[in-house]
Structure formats: C-alpha cells, structure tokens
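A short worksheet on the structure shown next.
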Amino acid sequence: MILMQINELSKSFGAEEILANIKIEVKDNDRIAIVGRNGAGKSTLLKIMAGELSHDNGEIFKPKDLTLGYLSQHMELESGNSIWDEMLEVFKHLELQEQELRKLEKQMEQATNLPAADYDKLLQSYDRLQHAFQTNGGYQYESDIKAVLNGLNFQNFDYSTPITELSGGQKTRLALGKLLLQKPQLLILDEPTNHLDIDTLSWLENYLVNYPGAVVIVSHDRYFLDKTVSIVYEISRHRTKKYHGTYTKFLEQKELDYEQELREYEQQQSEIKKLEDFVQRNIVRASTTKRAQSRRKQLEKMDKLDRPLGDESSASFAFQINRRSGNDVLKIDNLAVRYDDESDPLFKNAKLHVNRGERIALVGPNGVGKTTLLKAIMGKLSPIEGTIHLGTNVQIGYYDQEQADLSSSKTILQELWDDYPIINEKDIRTVLGNFLFTGDDVLKPVLTLSGGEKARLALAKLMMQKANLLILDEPTNHLDIDSKEVLEAALNEFPGTIIFVSHDRYFINKITDQVAEMQRDGIKIYLGDYDYYLEKKEEEAELHRLQQNEKPIVKEEKKKLSFKEEKQLQSERRKKQRRVTEIEEKIEQLELEITKVEEKMAEPEVYQDHEKSLELNEKISEMNLEIEQLMDEWAVLQEA
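Residue numbers (the UniProt record's numbering): 1 to 640.
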C-alpha cells in the first residue's frame, strides 16, 4: 500500500529555488533515508511531507486516514506534565477504556435483579470492550512506556520529574519517545540521532528496524543509516534520485552510475564529432551530399546527453605538521578530575599511554568525562590526582565541539587572519576557499554562521596550526556527510597523532586503530576499530553471563559443609522441588477447572440464568487469583 506519493514538487523561498521536480514514493514498512548537502532542502522536504510547510507546485497524494508523526530537528517537548504523565497522554484512549471496563464490572456485580436479556447485553458489551482493550495493547502499554524510556536513557530518572526541569536534549529525547509510542503509520524523523549516546543509538536502530510502519529519516549518522534504511533518496541540485540499498550501497551505486553516465556521454560525443566531420567534408560534393544531409538529419534528431555533473563542490584540505614529535606522545597515570572542591571525582584511575602515529577514539556513556579528560590534557582543568606528561616536541591542536575559541564579533576573514597576521590576505582567502568560504562570504560575521559553517571555520584554524597531536572533541557535529568524508580523508593522511571523542561510529571506524573505553574508574584499550570493539564487548558480556551462571556452583564448592549441613541442604532442596511440582500440578488442575467452567457458562440453560453466570464468573476470578498467587510462589522457589 502506498502511504504517500510526491510528484513534480517544487519549493522556493523568494527568488531562491530550494526544491524542483521532487519525486518520492513511500510504501508500507519502507525504510527511507533522504540525504544531501547542508542547505540542499532535506528538512524543508520533511516539513512539506508532514504538512507543516506549503509547496509551490506539484502534488502530494496520501490516504485520508493516514496517521503521521513528525520529529523536527530542534523539537523540544514543552509541557507542564511529569515524564510519566506525558507518556500516558499517548494512551488516554486505553485509560478511558479501562475505566469503562471497571464500570461494567461493577454493573455486573450488582446485576442480580436484571432481566436475562439485559444481563446478556451487558456481558456482550463487556466482552467486546475487553477484546478491544486487549487488541489495542491495554495490558502492556505501561511496560511499553518503560521500555521506551529505558531505551532513551531515562532509566535513572524519577518518572514524576516535571518536564520543565529537563535540559533541551532531554526534552528532545522525550519528544522522540512520545512519537515512537504513538506508532503512526508514517514516521518522519529529522536528525533523530542528535543528543543520543552510542548505547541509545543502538537501541533506536533496533526499534526502527522492527517498527510496524514506514519510516523516513534525515540523518548525518551514516552508521545509523546503514543499520536502518533500505532506500536512499539523494537531493542534489534541487532534485531527487532514488537508490535501493543501505547508505554504503548508495555510495557504491552512485559512483557506478556516474562512471556509466560519463562513458555514455563520451561515446555520444565521439559519435557526434564523427558525424559532424563527415557532414563538413561531404556536404558540398555532389556525389556525397545526400549522405551528408542524411547524417545532418541524424544529428538533429539525436537526443543529446548532458555531461554528468558529478558531485557538487567540496571542501579540500590536508593537515600538516611543523615538526615530528618523539615516540612517547602522552602519558596519563592514575588521573582523577572533578569540577569543584565539593563534588566527587568525575572519573579516577584513568591511564592512557599514547605513541606517535596512533589514532585513539575515546568512547563511553554520556557524562562519564570524555570531554573533561580532553580539557585536562589541554591544561584547561587541573587534576586532583595523577599525572599528565607530554612527550618531546609535542604540539597540540584542539578542536572544541562548542567552538568556544571562535570570536562572534569578528568576520570569517578576521578570525583566521588575526591569528596569522604575517600571511598575505590572498593566501588566507585561498585557505578559506578550500573550506568553501569564497568571495564576499569571508566578510560574514562569525555570529551569523550556521553550525556547519562554524565547524568548517574551526577546522580551517586547526589546519593552520600544523600541530602534531590533534585532540578533537566531536569534530563531525554539524558537518554534512560530504564534509565528514573530506575530514576523514584528511585525518587518514595526517602524519601525526590523533585522540578524539565522537558519537559518529562510521567516522570512528574510518579513523581509529584503537578504542579507549572510558568508565568512572578507569580506561580500557581495545586494539581495533569500532566494529572490533563491539565484537569484544559482546564476547565479554557472554563470558560474564557464563560466569554468573557458574557462580552458585563455585560458591558451594568453595564452602566446606559438614555432613549434617550437606544432608540438611539436600533435604531443603528436595522439599522445594516437591513444592514446585505440587504448584505446577495445582496450576494445571485449576486451568483445567477454568476451562470446564467456561464450557458450562456457554450452555444455554446457564448462559440465560444471569445469577448462575455471575456465580460462575466469580468462581473463575477466584481461580485466576489463586493461579497468580501460586505463580508468584513458583517464581520465588525457582530463584532459590
């Protein structure tokens, strides 16, 4: 079933054309990524699809009863509710149904004097409502809320916390959670990975893979796209082109398409040149003029191909070094750091030894202190314990994810030129041009720049330092996919050492040769890329599970019991096992009895006697309650 079809859609803002001739089709259970440069119109297209923005031309077809959910890029949940009450808003209809069920149950309890026909009608109403309540998830919506809140990293929150007390990032995550619980037929997500740590990203990937509807995503997280989507629409030069497969498959196919189109163009150009030469040589000769005229008509009728344009202009830069460092670049031993005198250390026992040429990715949960460690290395924070030693000839270049080193009062040109006043303006402009700041763009105030433009300017300043140790804090934030790929290429050619923090798993895979997992009480090194790190973590988790299962046996082996104690222990075990068997038999007996009573209730003479029906209904309730109590006891015994 087609949920949405877009044909020939266009959108302009004033004289600036943003989208033209857009064609997109969304079917049931599609997983679609929309990719393109910053400013290509991706967010604009999503807003049009969600009905939040009008379009100039074209058509959008969708079913009238289509349910649609939209998460904008900067969406924050604004509400006076608590976390739990806000999530419950999604299931208001089930709460009302539950209240109606309780109301009908009371009526059934008090229905001793009702005529049989009225009681029959009451039973039927109850059955219908109970079936609808169960079908719509009435018995599991609270567990669904908890699962989503845990997945989005709210497991340590008091659910009665007012939303007004949350940070902007937390409100965005909560807005995403509410949208996921609504389960619309079409889910439209604009940068849903913002404000998510790696564990939460993995959870969201799994959730979207199993989502029971269609999903359309704009994201700069290539690893996330590879895990979640099977169709990619690229917006380039205001138009869309469709590719089937993951993001990586899209890149491969895009390259193949370009090469094929270029070959076809060059072949046609060669054919055109031959035809034109033939016409020019033979048009004036009487013996060959007819053939020349035929070739001319052939040229006129030919559907001429345009030269394939390839990729749009990209940033172009490389990181160089002033001088080579010693082999030992950095040694951190037993480091502990805190923010103020009264707080506990953010982390302690941190050890990290870095050699020349290594590329180390710092990973770990949000709040564990990764950025703090980078600032401590830079000397911006003083440790309370431990030491940090820089090696011989080490020169540090630091990229701050908040771009705090940029001066908002300066122009782009001044920002770079003031740091290097002896360099000619022409050379400074050339550097800025490599980062896509051309012409009068360099006279823009830094204050007016977008996040992506500020990131490119900060990278330009970093490149000019020619440092041999690069310390990078979330360098891919705000960069579009193309700029990330350029940065990856530059870092892979860099002759120095790199320590970086990033949530971009695709970027980590491309750059790193070591993953340093940071926890509150130390750092553990994994010699490989991010995928290798994940494999080792899974192996460790499996080993831990096996050890946990063996623990009781090990404990019993270690503890030396007397003969009398051993006999008593065995006796207690046998008693518990006998009780488990008794409970299982009793539950089976009760379930059989419930089946018999339900069959009896279906008999006409009983079904029409509402007093007898009520009596049997109460009997079933009592047996169900007894089964629940037995199950609780069974669970306790099984744990023991």
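Glycine included, C-beta positions come from ideal geometry on N, C-alpha and C.
Bear in mind the structure is a predicted one, so any value in this text is a computation, not a measurement.
Where residue i falls, given that 16 or more other Cβ within 10 Å makes a residue buried
i	result
Leu373	buried
Pro475	buried
Leu3	buried
Glu556	Reliability of the predicted coordinates at Glu556 is poor, the pLDDT of 43 falling under 50, and no value is obtained from them.
Phe500	buried
Gln185	buried
Val209	exposed
Asp531	exposed
Lys301	exposed
Glu191	buried
Ile553	Confidence at Ile553 is low in this model, with a pLDDT of 48, below 50, so its placement is unreliable and the value that follows should be read with caution. Classification for Ile553: exposed.
Ala116	exposed
Nearest to residue i (by Cα), restricted to the options the options
i	options	result
Val218	Met49, Thr161, Ile412	Met49
Ile34	Leu305, Ile594, Tyr247	Tyr247
Asp440	Ile498, Lys380, Ile511, Arg429	Arg429
Ala292	Lys227, Arg281, Leu71, Leu447	Arg281
Arg237	Val597, Ile18, Glu539, Lys351	Ile18
Gln268	His244, Val279, Leu251, Leu299	Leu299
Gln403	Arg31, Leu381, Leu352, Leu472	Leu472
Gln130	Pro115, Leu94, Ile235	Leu94
Lys146	Lys536, Trp84, His353, Leu196	Trp84
Pro383	Phe133, Asp400, Phe347, Ala490	Phe347
Thr387	Ile423, Val337, Pro308	Val337
Ser79	Glu165, Ile511, Gly451	Glu165
Lys575	Asp405, Leu637, Met302	Leu637
Asp226	Tyr211, Ala214, Ser202, Thr240	Ser202
Leu305	Glu264, Gly367, Lys106	Glu264
Phe61	Lys27, Asn156, Thr44	Lys27
Thr172	Ser160, Asp158, Leu189	Leu189
For residue i, the three-state DSSP class (helix, strand or coil)
i	result
Glu557	Confidence at Glu557 is low in this model, with a pLDDT of 46, below 50, so its placement is unreliable and the value that follows should be read with caution. In the structure shown, Glu557 sits in a helix (DSSP, three-state: H, G or I).
Met623	helix
Gln401	coil
Phe133	helix
Ser125	helix
Arg338	coil
Gln519	strand
His195	coil
Ile321	coil
Met108	helix
Met601	helix
Asp333	strand
Asp632	helix
Leu491	helix
Gln5	strand
Glu415	helix
Lys380	coil
Tyr139	coil
Lys370	helix
Gln589	helix
Extent of the continuous beta strand (DSSP E) run through residue i
i	result
Gly386	385-390
Ser43	Unbroken run through Ser43 is the alpha helix (DSSP H), 42-49; no beta strand (DSSP E).
Tyr159	Unbroken run through Tyr159: none, as it is neither H nor E.
Ala33	31-35
Asp473	469-473
Range of the contiguous alpha helix (DSSP H) that encloses residue i
i	result
Ile423	First-last for Ile423: undefined, no H or E at that position.
Ala15	Looking at the DSSP string, Ala15 is not in any alpha helix (DSSP H), and its letter there is neither H nor E.
Leu346	Where Leu346 is concerned, there is no enclosing alpha helix (DSSP H), given that its DSSP letter is neither H nor E.
Arg295	289-301
Val363	Not the alpha helix (DSSP H): Val363 falls in the beta strand (DSSP E), residues 359-363.
Ser236	Looking at the DSSP string, Ser236 is not in any alpha helix (DSSP H); the run it does join, the beta strand (DSSP E), is 231-236.
Leu459	451-465
Thr248	247-282
Tyr243	Note, Tyr243: premise wrong, no alpha helix (DSSP H); beta strand (DSSP E) at 239-244.
Phe500	Careful: Phe500 lies outside any alpha helix (DSSP H), inside the beta strand (DSSP E) at 497-501.
Asn113	Neither: Asn113 is in no alpha helix (DSSP H) and is coded neither H nor E.
Gln155	No alpha helix (DSSP H) holds Gln155; DSSP gives it neither H nor E.
Asn509	505-511
Bridge partners - residue i, DSSP secondary structure assignment
i	result
Glu76	DSSP lists no partner for Glu76.
Asn57	Ser10
Asn210	According to DSSP, which records beta bridges pairwise, Asn210 is partnered with nothing at all.
Gly69	Leu187
residue 641	The structure shown does not extend to residue 641, since the chain is modelled only from 1 to 640, so the question has no answer here.
Asp226	None; Asp226 has no bridge partner.
Pro445	Thr411
Glu25	Gln5
Ser82	Pro162
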